[in-house]
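In what follows, a single structure is set out as structure tokens and then discussed.
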Amino acid sequence: MFARIGRHFRRLAINCPKLYSSTVVKESGAVSDRSKSFREIPGPKGMYNIPYFGTALHFKPFTNYELNDLPEILTNMREQYGDIVKMRIGRDYVVYIFDPDYTKTVLQLPYKEFFAYQLDLFEVLTKRTGIPKSLTLMEGKEWMELRKPAQEKMLRPAVVASYGPLIEQVTDDFIDILKQKKTIDDLQMTLSNYTTESVAMLCFNRRLGNIGSEESPEIVRCITEFFTLFQKSLIMPFKTFKYFRTPLYKQAEAVRLHMQSIVEKELKAQLDVLNQLKKENQLDDYLQKDPNFMYSMLADPRMTLGKITSIVTTLFSAGIDSTANSLLFALTDLALHQEKQQKLYHEIQTVVGDSTHLTKEHLAQMSYLKACIKESQRRTFPIMTGPARFMEWDTVIGGYTIPRKTFVSLDMAAMVMDERFFPKAKEYIPERWLRNVNDDITKGQEFPFAFKPFGFGPRGCIGQRFAEMEMQIGITKIIQNFEISMPPGVSEIKTICRPFTSPAQKVTLQMQERKTIAE
Numbered sequence: 000m001f002a003r004i005g006r007h008f009r010r011l012a013i014n015c016p017k018l019y020s021s022t023v024v025k026e027s028g029a030v031s032d033r034s035k036s037f038r039e040i041p042g043p044k045g046m047y048n049i050p051y052f053g054t055a056l057h058f059k060p061f062t063n064y065e066l067n068d069l070p071e072i073l074t075n076m077r078e079q080y081g082d083i084v085k086m087r088i089g090r091d092y093v094v095y096i097f098d099p100d101y102t103k104t105v106l107q108l109p110y111k112e113f114f115a116y117q118l119d120l121f122e123v124l125t126k127r128t129g130i131p132k133s134l135t136l137m138e139g140k141e142w143m144e145l146r147k148p149a150q151e152k153m154l155r156p157a158v159v160a161s162y163g164p165l166i167e168q169v170t171d172d173f174i175d176i177l178k179q180k181k182t183i184d185d186l187q188m189t190l191s192n193y194t195t196e197s198v199a200m201l202c203f204n205r206r207l208g209n210i211g212s213e214e215s216p217e218i219v220r221c222i223t224e225f226f227t228l229f230q231k232s233l234i235m236p237f238k239t240f241k242y243f244r245t246p247l248y249k250q251a252e253a254v255r256l257h258m259q260s261i262v263e264k265e266l267k268a269q270l271d272v273l274n275q276l277k278k279e280n281q282l283d284d285y286l287q288k289d290p291n292f293m294y295s296m297l298a299d300p301r302m303t304l305g306k307i308t309s310i311v312t313t314l315f316s317a318g319i320d321s322t323a324n325s326l327l328f329a330l331t332d333l334a335l336h337q338e339k340q341q342k343l344y345h346e347i348q349t350v351v352g353d354s355t356h357l358t359k360e361h362l363a364q365m366s367y368l369k370a371c372i373k374e375s376q377r378r379t380f381p382i383m384t385g386p387a388r389f390m391e392w393d394t395v396i397g398g399y400t401i402p403r404k405t406f407v408s409l410d411m412a413a414m415v416m417d418e419r420f421f422p423k424a425k426e427y428i429p430e431r432w433l434r435n436v437n438d439d440i441t442k443g444q445e446f447p448f449a450f451k452p453f454g455f456g457p458r459g460c461i462g463q464r465f466a467e468m469e470m471q472i473g474i475t476k477i478i479q480n481f482e483i484s485m486p487p488g489v490s491e492i493k494t495i496c497r498p499f500t501s502p503a504q505k506v507t508l509q510m511q512e513r514k515t516i517a518e
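Sequential numbering from 0 applies to the sequence shown in numbering that gives the first Met the number 0.
Put into structure tokens, the structure is as follows:
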């Protein structure tokens with residue numbers, strides 16, 4: 000059935016998609032006669048359009064696919080139906096976009112309400128427990144009132160750069176611990192300990208002391224378990240946890256409440272420190288030494304303790320897992336491609352030299368370092384598909400009218416592996432991101448909206464600059480001090496999504512300490 004429908008819609012796709020410019024239809028305007036209706040958008044038909052049940056038909060036991068295989072399902076649909084596909088997800092339709100030009104149109108629309116996708120498990124937990132709603136679930140005025148002050152303190156380059164020395168302190172301690180080993184048996188756990196320590200410096204202005212632990216910190220175990228349960232909830236055809244306290248819900252609630260208690264305990268400890276310093280008239284001296292995200296939030300009249308808790312919880316939970324995984328794939332790519340690792344080491348030697356201290360000027364000069372990170376994020380996209388938006392107007396994309404409040408998912412995970420946009424897409428080639436390379440391999444630079452691993456615009460990742468700096472410092476220090484490799488016989492890292500892309504199995508990394516930093 001898929002093949003027959005696919006042939007039909009491929010014939011349609013030849014004639015229409017790029018002949019029509021992607022345009023916004025104003026609220027008072029009419030849709031152009033040239034645009035096709037939402038009903039005409041190609042995609043699975045028949046029983047696949049039954050709410051909830053239609054979604055389940057794509058997965059086990061009806062097929063061999065699991066939820067983690069959704070990227071493969073979507074890639075197959077793009078090949079059958081073209082660059083815009085309509086698919087029933089739960090009770091509603093989701094439109095999937097596989098074209099960078101259409102993606103640009105969607106991301107650059109003048110959003111005002113910023114509708115949020117209502118994640119059922121999160122929503123139910125918030126209502127039943129009273130836990131403050133996370134920034135991700137907010138929309139409209141409520142979202143803007145929280146996002147704006149947080150953005151001012153998280154996305155300004157000068158503010159983020161001030162945390163560089165703190166991250167470097169954590170990284171130097173991490174390197175000292177690694178020097179005691181020749182092999183990292185569980186790379187994800189080790190990197191999670193490192194990112195937990197770094198993110199804690201931002202959120203709580205103190206070290207948690209987990210960096211040398213042989214097991215995952217309690218908060219990391221909670222985050223991993225909660226994201227796994229959340230992933231299971233997404234594919235449930237009938238979300239009974241919305242009406243009953245099911246075993247899955249009870250487990251998720253217990254984990255989420257424990258996460259909240261850990262965050263609130265750390266926040267209270269930092270508040271006590273600040274209040275004590277204020278009583279002793281030492282607060283000004285304390286604040287002049289290092290940046291203090293917590294104090295900057297408390298000093299903002301727009302912020303309440305509840306709002307601060309929401310922001311910190313979002314930053315802490317997402318920042319640990321996503322950054323640790325991005326670091327893991329960047330390091331394993333370098334370990335599997337020794338010539339690229341050597342090229343990066345040469346850049347580090349050229350820019351940093353004998354210095355053991357990294358400055359923002361050093362990082363600004365290391366273009367190959369940034370290219371290596373981008374290439375790893377391209378080959379192993381950080382999330383299952385990509386950023387998404389709810390349409391706030393009737394909008395014409397690719398010749399089809401997409402109604403207001405339709406959820407549009409921009410499948411960058413598919414776009415970055417599409418040979419039309421990224422030649423030799425399966426290969427690890429950091430040079431494709433360099434500006435001074437005159438080669439067809441750089442074609443991807445012509446499609447900037449095919450690759451936005453941190454999202455785009457006001458709904459983009461609020462911790463992007465901090466995460467980028469953390470990865471740059473971490474990778475630089477590791478490659479500066481070690482030659483890294485994978486065990487014999489390992490040629491790739493299999494992945495799962497929960498919801499950030501993670502290794503499916505334990506990853507081992509071999510390390511050989513360099514004799515000297517500068518040779």
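Heads up, the beta-carbon is just placed ideally off N, CA and C, and yes, glycines get one too. Computed from a predicted model, the values in this text were never measured in an experiment.
If you draw a straight line from the C-alpha of residue i to the C-alpha of residue j, how long is it?
i: residue 159; j: residue 168; result: 15 Å
i: residue 511; j: residue 229; result: 39 Å
i: residue 123; j: residue 412; result: 29 Å
i: residue 256; j: residue 267; result: 16 Å
i: residue 484; j: residue 211; result: 21 Å
i: residue 196; j: residue 136; result: 26 Å
i: residue 508; j: residue 98; result: 36 Å
i: residue 519; j: residue 384; result: Because the chain is modelled from 0 through 518, residue 519 falls outside the range shown and cannot be assessed.
i: residue 393; j: residue 416; result: 30 Å
i: residue 236; j: residue 200; result: 41 Å
i: residue 172; j: residue 409; result: 39 Å
i: residue 308; j: residue 470; result: 25 Å
i: residue 221; j: residue 342; result: 38 Å
i: residue 38; j: residue 389; result: 18 Å
i: residue 350; j: residue 361; result: 6 Å
i: residue 421; j: residue 80; result: 21 Å
If contacts are defined as beta-carbon pairs under 8 Å, then residue i and residue j qualify, I think. What distance do you get, rounded to the angstrom?
i: residue 462; j: residue 153; result: 6 Å
i: residue 478; j: residue 333; result: 7 Å
i: residue 329; j: residue 371; result: 6 Å
i: residue 144; j: residue 114; result: In fact, because the Cβ distance is near 16 Å, the residues do not count as touching under 8 Å.
Using three-state DSSP, classify residue i as helix, strand or coil.
i: residue 80; result: helix
i: residue 221; result: helix
i: residue 60; result: coil
i: residue 590; result: The chain is shown only over 0 to 518; residue 590 falls outside these bounds and no answer can be derived.
i: residue 148; result: helix
i: residue 489; result: coil
i: residue 265; result: helix
i: residue 124; result: helix
i: residue 389; result: strand
i: residue 171; result: helix
i: residue 29; result: Reliability of the predicted coordinates at residue 29 is poor, the pLDDT of 40 falling under 50, and the value obtained from them is presented with this limitation in mind. Coil at residue 29, not helix or strand.
i: residue 85; result: strand
i: residue 406; result: strand
i: residue 228; result: helix
i: residue 394; result: strand
i: residue 93; result: strand
i: residue 357; result: coil
i: residue 188; result: helix
Does the Cβ of residue i have 16 or more other Cβ atoms within 10 Å, making it buried, or fewer, making it exposed?
i: residue 36; result: exposed
i: residue 505; result: exposed
i: residue 356; result: exposed
i: residue 117; result: exposed
i: residue 46; result: exposed
i: residue 491; result: exposed
i: residue 107; result: exposed
i: residue 374; result: buried
i: residue 279; result: exposed
i: residue 320; result: buried
i: residue 287; result: exposed
i: residue 41; result: buried
i: residue 274; result: exposed
i: residue 522; result: Lying outside 0 to 518, the shown extent of the chain, residue 522 is not represented and no answer is given.
i: residue 253; result: exposed
Hey, out of the options, whose CA is closest to residue i's CA?
i: residue 452; options: 70, 377, 185, 256; result: 377
i: residue 406; options: 83, 74, 52, 56; result: 83
i: residue 460; options: 186, 493, 365, 381; result: 381
i: residue 513; options: 482, 499, 490, 500; result: 482
i: residue 185; options: 128, 311, 213, 447; result: 213
i: residue 435; options: 366, 498, 50, 91; result: 366
i: residue 203; options: 280, 131, 297, 422; result: 297
i: residue 336; options: 426, 449, 248; result: 426
i: residue 165; options: 307, 292, 458; result: 292
i: residue 146; options: 313, 347, 480, 54; result: 313
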